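Below is one structure; the comments refer to it alone.
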Amino acid sequence: MLVKVGSRELELGGPHLTELRSSNEIVHDVVALRERMEEDGYLLIRGFHDRAKVLHARTSILEKMGQMGKLDRDTLLEEGRMADGSKSIFMGGTNEDLPALLNVLNGDHIMRFFDELLGEPSLTYHYKWLRAVGKGDFTGAHYDIVYMGRGTEKVYTVWSPLGDVSYEMGGLAICLGSHRFEDLKQSYGTKDSDRDGIGHYTDDPLVITEKFGGKWATTTFEAGDVLIFGMYLLHCSLENTTNQYRISVDARYQSVNEKVDERWSGKKPRGHDK
Ligand SMILES: O=C(O)CCC(=O)C(=O)O
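Structure follows, in structure tokens:
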């Protein structure tokens, strides 16, 4: 099967693209989870969130998008089909008007998970990166440290699909081993998007593997699944080739004892430096 990763078409199971591995068999063993995170640089946990709560959040987001005129009115709301002429919508912010979403991202289940994983009380940044990615769009390959590196490096991203995401709808892909690309960490990984005016490293996933090695990995996702990774794991998304929005959110978690990146934390996070 051919999958569109960033600007390339790659064969799933071919030399450049494989499947992510799930960590569900070790989900109740925190020591094993920490070792897996160290070794693989990511944790894929299926059914981590309560699926019904995620679907409730999805409905509230779709209702909002419908009111914004972004959805095709002749189709079912839950399909999230794009209205003619609509584009991707970035809804980053505190999203206080979406309590069902905050219930998933700030709830006891996920906070207790991070308390245990970190071995310290955890916090989550108030800013949530909510995205509705439309047809033809994808996210280029990057390290998150470039966007949120002004506090501790020990921040974790949780990427949550808010709906089922097929290969065609464009879920996330990561570059295996990229948390150990020391040259890249010492160059691109020391940049700050606001200070240096730098963003994604590349739209072409093979630029990375040809220069640094590794291999890309992805999968299909269901509402409730999460992909968790640190600040130095290269990731991009597959292209959405459908006319249904791919709705997802990425949120951040860290220890309360570490420095936070003030752009994203607090009740009124200021966001990127203007
Ligand atoms: O969902 C996407 O397209 C990008 C997500 C991302 O870059 C992240 O989770 O850090």
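In this text, residue positions in the sequence shown follow UniProt numbering: the first is 1, and each later residue adds one. Think of the CB as a built atom: it goes at the ideal place given N, C-alpha and C, for glycine as much as any other residue. The model shown is predicted, which means the values in this text are computed figures rather than measured ones.
Problem set entry | Whole-Å CB distance - His179 paired with Ala141, under 8 Å assumed | Contact doesn't hold; Cβ gap of about 14 Å is too wide.
For this session: Over the uninterrupted beta strand (DSSP E) stretch that includes Glu11, give me the two end residues.
Result: Run containing Glu11: Arg8 to Glu11, per the beta strand (DSSP E) assignment.
Problem set entry | Any alpha helix (DSSP H) of 4 or more consecutive residues that is wholly inside the region 162–194 | Whole alpha helix (DSSP H) segments, 4+ residues: 182–186.
Problem set entry | Buried/exposed call for Pro99, threshold 16 Cβ in 10 Å | Here Pro99 is exposed: its Cβ has fewer than 16 other Cβ atoms, across all protein chains shown, within 10 Å.
For this session: Assign residue 291 to one of three DSSP states: helix, strand, or coil.
Result: In this structure the chain extends from 1 to 274, so residue 291 is not present and cannot be described.
For this session: Look at the Cβ atom of His49, then the Cβ atom of Ser160, and state whether they are nearer than 9 Å.
Result: Yes, Cβ-Cβ distance for His49 and Ser160 is below 9 Å.
For this session: Quick one: which unbroken alpha helix (DSSP H) runs of 4-plus residues sit fully inside the region 100–133? Chain order, please.
Result: With a minimum length of 4 residues, the continuous alpha helix (DSSP H) runs that stay inside the region 100–133 are 108–118.
Exercise. At which residues does the alpha helix (DSSP H) containing Thr219 begin and terminate?
Worked result: Taken as a continuous stretch (DSSP letters only), Thr219 belongs to no alpha helix (DSSP H), as it is neither H nor E.
Problem set entry | Closest Cα partner of Gly66 within the set Gly163, Ala132, Leu227 and Met148 | Considering only alpha carbons, the answer is Ala132.
Problem set entry | Near ligand 1: Arg131 beta-carbon under 8 Å from a heavy atom | Yes, the beta carbon of Arg131 sits closer than 8 Å to at least one heavy atom of ligand 1.
For this session: From the DSSP output, in three-state form, read off Asp52 for me.
Result: Note on residue identity: the sequence assigns Ala, not Asp, to residue 52. When secondary structure is reduced to three states using DSSP, Ala52 falls in the helix class.
Exercise. Are the region 145–153 and the region 168–175 touching, with three or more C-beta to C-beta distances below 8 Å?
Worked result: Contact check between the region 145–153 and the region 168–175: fewer than three CB pairs, one atom from each, fall below 8 Å, which does not count as touching.
Exercise. For the candidate residues Val5, Ser193, Arg21 and Ile61, whose alpha-carbon lies nearest to that of residue 353?
Worked result: The chain is shown from 1 up to 274; residue 353 falls before or after that span and cannot be answered.
Exercise. Excluding five sequence neighbours on each side, which residues of the same chain lie with their C-beta closer than 8 Å to the C-beta of Glu79?
Worked result: Answer for Glu79: Gln244, listed in chain order.
For this session: Report yes if the C-beta distance between Gly6 and Asp204 is below 9 Å; otherwise report no.
Result: Yes. Within cutoff.
Exercise. Should Ser187 be labelled buried (16 or more other beta-carbon atoms within 10 Å of its own) or exposed?
Worked result: Under this definition Ser187 is an exposed residue.
For this session: Look at Ser255 and Leu43 and say whether their C-beta atoms are less than 9 Å apart.
Result: In this structure, Leu43 does not lie closer than 9 Å to Ser255 by Cβ.
Exercise. Tell me the DSSP bridge mates of Gly230?
Worked result: Answer is Tyr156.
Problem set entry | Alpha-carbon to alpha-carbon, Glu153 and Gly47 | Spanning the two alpha carbons is a distance of roughly 27 Å.
For this session: Report buried or exposed for Met1, applying the criterion of at least 16 other Cβ atoms within 10 angstroms of its Cβ.
Result: That one is exposed.
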